[in-house]
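Going down the list, the protein sequences come from chains Y and Z.
So that you can map any letter, position 459 of the first sequence is 459 in the numbering used here, and since no number is skipped, the others follow by simple counting.
So that you can map any letter, position 320 of the second sequence is 1320 in the numbering used here, and since no number is skipped, the others follow by simple counting.
Every residue gets a Cβ at the ideal spot worked out from N, C-alpha and C, and that includes glycine.
This structure is a prediction, so every number in the text was calculated from the model and none was measured.
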Amino acid sequence: MPLLTGFAEWETLPLLVVLSSFAPGVVIMFLREDQRGLRTTLNMIGATLKLLLVGLMLTGVAAGIEYRWAMTVLPGLELVLIGDALALLFVTLSAVLWMVTTIYAIGYLEGSPNRTRFFGFFSLCVTATTGVAMAGDLFTFVIFYEALTWTTYPLVVHRGSEAAIRAGRLYLIYTLTAGALLIVGAVGLYASAGTLEFVAGGAIDPQLVHENPGRYLIIFFLLLGGVGVKAALFPVHGWLPVAMVAPAPVSALLHAVAVVKAGAFGVIRLLHSVFGIELATEMGVAAVVAAGAAFTIVYGSLRALTQDDLKRRLAFSTVSQLSYITLGAALLLPLAHIGGLVHLVHQGLMKITLFFCAGILAETISVKRVSEMGGVGRRLPLTMIAFTVAALGMIGLPPIAGFVSKWHLGLGGIESGAEWIIPVLLASSLLNAAYFLPILRTAWFDPQNAEWNAAERESWLEADWRLLWPALITAGIALGSGLFANTAWSPLGWTRLIVYGGGL
Amino acid sequence: MLEILLVLTPAVPALIAILWPLQGVRRALVSAAPWAALPALFLALHPGAEGTAFAFPAFFTGLHLAIDSTSKVFLVFTSILWFLAGAFARSYHASDPRKESFFGFFALTMAGNLGLVVAGDVLTAYLCFAVMTFAAYGLVVHERTSPSLRAGRIYIIMAVAGELCILTALFLLGAAAGDAPLFGSELERAWAVLDEEGLATGVGFLVAVGFGVKAGIVPLHLWLPLAHPVAPTAASALLSGAMIKAGLLSWLRFLPAEIGMPALGATLLVAGVGTAFYGVAMGVAQDDPKTVLAYSSVSQMGYMTLGVGLLLLDPSTAPAAAFAVLLYAIHHGTAKGALFLSVGVWDRVAVPARIGSASPRAEKGGAGGSKPLLVILGAALPAAVLTGAPFTSGARAKTALKDALHLVGGGWYPWLDPLLLAAATGTTVLMARFLLALHRREPKGDPAREPSHTRGLALPWVALVALSVGGHSLLPFWFPLPEGIDFPRVLVHLPEATIPVAGGVVLAWIAWMRPGWLGRAGRWRIPAGDLVVPLERTVGGFRKVPANAMAQEVERRLSRIRTAQVWAHARAAWVAERDLFLIRGPVLALLLLALSVGLALLMP
């Protein structure tokens, strides 16, 4: 396939991937509210195009190509987009999940107002996420990271209710403060080390750090404060559960994948591409991050236990599970990095499934609380099968994806000499079981306890197909990622390529 | 060919479970579910099966299936039990509105159980074990009544605790091996590494406890006497016959017989003997025949635990001990399966006396009829087998265990031998208690039921009773005998074999006919689940106080001191999901402080 190979070698592919959601987003902004067909077509074309381009880049990277597209903004400051294995891990995740979430959102928002605004910002938000993933240096990263904040805000307040406005204000306070920290940190880094480049294994000369350790400690924690807010590290996780007032597709994509993953990805970049894990370990900051992540894992799960609102329970679960990624990245040796990175994908797949299902429950039978879920398995069996797969995966039961992450994290922890993470993982599994298994029991085995009509289901299609299929697809991928973990194209296989190929 | 059978062993039941969401094919799947055990049975009976292996590296973390002499033995009785219990359940649940749910969980549990038997590496085994454990929850709570949900809760809590122990052990074994080790030499090397680090015994205990929950050793047995009575009869038969043996099998698979672990071995040995007695003592104090059988399973697992203890105590006795455990597992699996099915047959086939006598015999449905006595007699056969009466598989298994015990040094034999004799006497009493309890249970048979359902219940039962009584005489032609071990004869020491049976019968007779001789001990009753009851009361004591009342009380007492308000806010924020207002201020202040400090310090 010479033609395909020719395309795959195209240097500008990273830019095209970013533009594939930017262009439709901008165009949609100018559409009228009633131009539904055109809006949907644009969305689907963008999503499909992005998938195709990402597919091309995947084949290219697998064949050894490293993409780099740069544009000089100011003398010495470049906007750099790179497409290496690590960037593509995140890009592929967001491209695939953008596709399914778009379908879900079209079904979910059917008939509700302000859809043009919603889909416009939705596309822009994915654009920013893609940019964060492919950012080749800290400058580009900051630009897209800030863009992500601005494009998500309209989605959080989409409903326009008082609670939504309040949540949006809180979200802005958190993320803008974080953004300021990030910028100050970046400026400090540029002033001190003279580089903003992301380099696998670390961009900072260890000698500089040895000469002035205090300065670099401050820079590190400024940058960590910047990315830690979106990564929902304790104690700056507070915005996440509140932002759950957003519509289900927003919670699903943004708060299970795009925004929080941008934060977690930022932590990975900070530890691995800016400082380098060896230097970070030597400075002792990696241990601080690991300890914070471990605490967040347990804290988030503890908070999830007491939530009755399904989405809030899932949100605290996100707080907890996200820190698996941070924890894995903060340990010294490769197996742990594999565990953390692969969880970036696995957690996204499982959590988006859970949010999709929560949305189906709310839309189809108006069930929003765990205590109202009695017997919903009989009304929505396929939804609850998807939910069950994802929930069991979150607990970390084999063969679902979550186990693969946990297994590598555990082995990596022991390998890195951090045996203390085993109790953390066990406590997390236990707590996950404690807040997910009762949901499953209620849904499958308890009698109906809310007002919905059990006979309403007309065919096997228990809900709007645009809501049901995305949930089934992501649950299927989550199961498949575990079942076929050992293949080269699974998230695990790709992560191994990143870590063992020196891409981290 | 053998590889195909090996793959089909877990794949066929797994496929049935995977297709379950498709409602159009459910009826066909229900019919097919029992037959899904047949590939496993063919494989187990195939003379050349040993040594077959299959690897599917792309799957999961590398899926390995293998069959050796141990898996062959477990596979044969496990697959027979799944097949016969499945056939039994088809009739038992013929008019059950939740029949489809039952067979869905049935197929998934079967996939896990059969997969575990042929698993070739630790993670495949863990995967299958987890599938079996969590799918079996659906069988336990099948009735959806409050006792079954309570049993399910205890079951799942203990199962999760067990899983965590196993997972910890797997992490350490995996780290020692560099990756998930295969059973056999790779796992042995991992143990050797752990041994050098001084961790082997600790990890060994984790494995013992983790799988011990399934095997039901005291005090990890709590779920067992609760789950068995509430589960549908076929599921009880599978739990006792096949699934608790999965815990035993996992011990044999995971624990390093070649290295030996004296401390763990001695612990298991003592725990085994204790469990054997404990099961009897609790079992005779029960009224429900299924609970009696559950406690009997606890007691019998004690013998097998003792065998595993012997195996670890002294590597030189390992072959003899492993052989005895295998023989015991196959013996108990078939006998206990038959006993549980007896209860189901009694419930459904035996017609209550007053209905039976009121209607002419001809109207009672031909082959079925009202034959309580026949059911009792049929149940007495596997009961006798279980007591180890001469000429039964029980006699063989106990002889093998005793032979292994002879080999072990360290002064264990002189005091274990009489203890085992006493425990065997207890087993006889327990079986007598079971038969009495069964006899007293109200039969619920419907005289107007379909004859085909009667056949569907009776045939699997008769087959399993026949197998438990006579099957062992076929074993010498098939059983993989280890080197230097003879197949134990059915009658080695006549006095030793008859004393427990005769003694037990006498004791049972006294308890039944002359309860006065026993004083208060004759009226001893313990609620099913024994230790669970005080435990639940303790936990429930905390939970039953209304949260609000407790909070108000706390706040009232604390309101006198100033810090109390802070505390009350913190608590309210935690409970009422308002953490923001508590931490927003300080956190933002911290962020801003960090910002300004950063700016100040970075100024050149």
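Could you pull the DSSP bridge partners for residue i from this structure?
i, result
"Ile-82(Y)", "Arg-68(Y)"
"Glu-197(Y)", "Asp-137(Y)"
"Asp-309(Y)", "Arg-369(Y)"
"Ala-1119(Z)", "Leu-1065(Z)"
Residue i touches chain Z at which residues, Cβ-Cβ below 9 Å?
i, result
"Pro-470(Y)", "By Cβ distance, chain Z contributes nothing, its closest Cβ being about 17 Å from Pro-470(Y), past 9 Å."
"Pro-249(Y)", "Near Pro-249(Y) there are no residues of chain Z at all, since even the closest Cβ is about 23 Å away, more than 9 Å."
Take residue i as the anchor and find which of the options has the nearest alpha-carbon.
i, options, result
"Ile-1157(Z)", "Leu-492(Y), Pro-438(Y), Asn-114(Y) and Gly-393(Y)", "Pro-438(Y)"
"His-1142(Z)", "His-1439(Z), Phe-1105(Z) and Trp-1223(Z)", "Phe-1105(Z)"
"Glu-78(Y)", "Leu-86(Y), Ala-85(Y) and Trp-69(Y)", "Trp-69(Y)"
"Tyr-104(Y)", "Gly-359(Y), Ala-450(Y) and Gly-83(Y)", "Gly-359(Y)"
"Asp-1287(Z)", "Ala-1151(Z), Ala-1395(Z), Thr-1070(Z) and Phe-1434(Z)", "Phe-1434(Z)"
"Leu-182(Y)", "Cys-125(Y), Pro-423(Y), Arg-117(Y) and Val-229(Y)", "Val-229(Y)"
"Ala-1177(Z)", "Ala-463(Y), Ile-421(Y) and Glu-415(Y)", "Glu-415(Y)"
"Gly-226(Y)", "Thr-195(Y), Thr-175(Y), Ala-256(Y) and Ala-463(Y)", "Thr-175(Y)"
"Gly-238(Y)", "Ser-320(Y), Gly-83(Y) and Ile-45(Y)", "Ser-320(Y)"
"Arg-313(Y)", "Leu-322(Y), Leu-302(Y) and Ser-323(Y)", "Leu-302(Y)"
"Gly-396(Y)", "His-343(Y), Trp-444(Y), Ala-386(Y) and Pro-75(Y)", "His-343(Y)"
"Ala-1508(Z)", "Val-1532(Z), Val-1429(Z), Arg-1514(Z) and Phe-1487(Z)", "Val-1429(Z)"
"Val-142(Y)", "Gly-160(Y), Gly-168(Y), Ala-180(Y) and Phe-119(Y)", "Ala-180(Y)"
Using the C-alpha atoms, what's the distance from residue j back to residue i?
i, j, result
"Ala-1547(Z)", "Asp-308(Y)", "The predicted position of Ala-1547(Z) is uncertain, since its pLDDT is 49 and thus under 50; a value taken from the coordinates is nonetheless stated next. Distance between the alpha carbons of Ala-1547(Z) and Asp-308(Y): 15 Å."
"Gly-188(Y)", "Ala-178(Y)", "15 Å"
"Leu-1006(Z)", "Tyr-108(Y)", "46 Å"
"Gly-1368(Z)", "Ala-1404(Z)", "Because the pLDDT at Gly-1368(Z) is just 41, under 50, the model does not fix this residue reliably, and the value given afterwards should be weighed accordingly. Cα to Cα, the separation comes out at about 45 Å."
"Ser-1421(Z)", "Gly-1216(Z)", "Looking at the sequence shown, residue 1421(Z) is not Ser but Leu. Cα-Cα distance, rounded: 22 Å."
"Thr-1052(Z)", "Ser-1452(Z)", "40 Å"
"Ala-1111(Z)", "Met-1304(Z)", "24 Å"
"Glu-282(Y)", "Ala-246(Y)", "42 Å"
"Ser-123(Y)", "Leu-1041(Z)", "56 Å"
"Val-1320(Z)", "Ala-63(Y)", "Looking at the sequence shown, residue 1320(Z) is not Val but Ala. Cα to Cα, the separation comes out at about 56 Å."
"Ala-390(Y)", "Gly-480(Y)", "12 Å"
"Ile-1154(Z)", "Ile-1376(Z)", "32 Å"
"Gly-1365(Z)", "Glu-372(Y)", "At Gly-1365(Z), the pLDDT of 39 sits below 50, so the modelled position is not reliable and the matter cannot be decided from this model."
"Ser-1146(Z)", "Leu-1139(Z)", "14 Å"
"Glu-957(Z)", "Thr-1334(Z)", "Nothing about residue 957(Z) can be reported from this structure: the residues present for chain Z run from 1001 to 1604 only."
"Leu-1535(Z)", "Ala-1028(Z)", "44 Å"
"Val-1545(Z)", "Val-1539(Z)", "Residue placement at Val-1545(Z) is flagged as unreliable, the pLDDT there being 49, under the threshold of 50; a coordinate-derived value is accordingly withheld."
"Ala-258(Y)", "Met-244(Y)", "14 Å"
Check the Cβ of residue i against every Cβ in chain Z and list those closer than 7 Å, keeping chain order.
i, result
"Phe-121(Y)", "Neighbours of Phe-121(Y) on chain Z: none; closest Cβ ~24 Å, over 7 Å."
"Ile-385(Y)", "Pro-1021"
"Leu-411(Y)", "Phe-1171, Gly-1174 and Ala-1175"
Which chain Y residues sit within Cβ distance under 8 Å of residue i?
i, result
"Thr-1061(Z)", "Val-404, Trp-407, Ala-485 and Asn-486"
"Ala-1130(Z)", "Leu-397 and Pro-398"
"Phe-1134(Z)", "Leu-392 and Leu-397"
Along chain Y, in chain order, which residues have C-beta atoms closer than 7 Å to that of residue i?
i, result
"Pro-1057(Z)", "Asn-486"
"Tyr-1126(Z)", "Pro-398"
"Val-1141(Z)", "Phe-445"
Could you name the residues of chain Z that residue i contacts, counting a contact when the two beta carbons are closer than 8 Å?
i, result
"Pro-381(Y)", "Pro-1021"
Residues of chain Y with a CB under 9 Å from the CB of residue i: which are they?
i, result
"Val-1160(Z)", "Ile-395, Ser-429, Leu-430, Ala-433, Ala-434 and Leu-437"
"Arg-1144(Z)", "Phe-445, Asp-446 and Pro-447"
"Leu-1149(Z)", "Arg-441, Phe-445 and Asp-446"
"Leu-1194(Z)", "Neighbours of Leu-1194(Z) on chain Y: none; closest Cβ ~11 Å, over 9 Å."
Which of the residues in the segment 473 to 495 of chain Y, read from start to end, lie with their CB under 8 Å from any CB of chain Z? Gly-482, Leu-483, Phe-484, Ala-485, Asn-486 and Thr-487
When Cβ atoms are compared, which residues of the segment 1080 to 1104 of chain Z fall closer than 8 Å to chain Y? none
Using a beta-carbon distance cut-off of less than 7 Å, what residues from the segment 415 to 446 of chain Y approach chain Z? Glu-415, Ile-422, Leu-426, Ser-429, Leu-430, Ala-433, Leu-437 and Phe-445
Closer than 7 Å, Cβ to any Cβ of chain Y: which residues of the segment 1105 to 1116 of chain Z, in chain order? none
Check each residue of the segment 391 to 402 of chain Y: if its Cβ is closer than 7 Å to any Cβ of chain Z, include it; give the result in chain order. Leu-397, Pro-398 and Pro-399
Could you please tell me which residues of the segment 1168 to 1183 of chain Z, in chain order, have their CB closer than 9 Å to any CB of chain C? Any reference to chain C falls outside this structure, whose protein chains are Y and Z.
Against chain Y: residues of the segment 1017 to 1043 of chain Z by CB proximity under 7 Å: Pro-1021 and Gln-1023
If you measure beta-carbon to beta-carbon, which residues of the segment 169 to 187 of chain Y are closer than 9 Å to chain Z? Leu-170, Ile-173, Tyr-174, Thr-177, Ala-178, Ala-180, Leu-181, Val-184, Gly-185 and Val-187
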